[in-house]
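Student: Numbered according to the numbering used here, the sequence shown spans residues 383 to 436.
Idealized CB from N, CA, C, for every residue including glycine.
Predicted model, so just to flag it, every value in this text is computed and none were measured.
Please find one structure pasted underneath; my questions will follow.
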Amino acid sequence: MQPYPIWGYHPQSRSVSLTSAARPTLAPDEVLVQNRVIGINPVDWKFIQANPLH
């Protein structure tokens with residue numbers, strides 16, 4: 383399978399970068415949704431930098 387671009391989160395550096403991943407294998411009751419456009423708001427970047435889940 384061809385890798386496709388994703389935004390990946392890197393906990394060590396608390397950053398997000400464009401990377402690639404393999405297409406996941408889906409279960410019979412799952413669907414794969416393709417996004418055409420995404421948006422990241424200023425609060426999203428603050429949440430990423432603060433890393434409250436770590």
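Whose C-beta lies closer than 6 Å to the C-beta of tyrosine 391 among residues of the same chain, with five residues either side of it excluded?
Tutor: Once the five neighbours on either side are set aside, the close Cβ partners of tyrosine 391 are Val398.
Student: Give me, in chain order, the residues of the same chain whose beta-carbon lies closer than 8 Å to that of leucine 414; leave out the 5 immediate sequence neighbours on both sides.
Tutor: Cβ neighbours of leucine 414 beyond the five flanking positions: Arg405, Pro406, Leu408.
Student: What separation, rounded to the nearest whole angstrom, lies between the Cα atoms of isoleucine 453 and valine 419?
Tutor: Outside the shown range of the chain, which is 383 to 436, sits residue 453, and nothing can be said about it.
Student: Which residue from Pro385, Gly421, Ala432, Trp427 puts its Cα closest to that of threonine 401?
Tutor: Per the Cα distances, Pro385.
Student: Could you tell me whether any non-hydrogen atom of the ligand COA is closer than 6 Å to the CB of tryptophan 427?
Tutor: Of ligands this structure carries none, so the ligand COA is not represented either.
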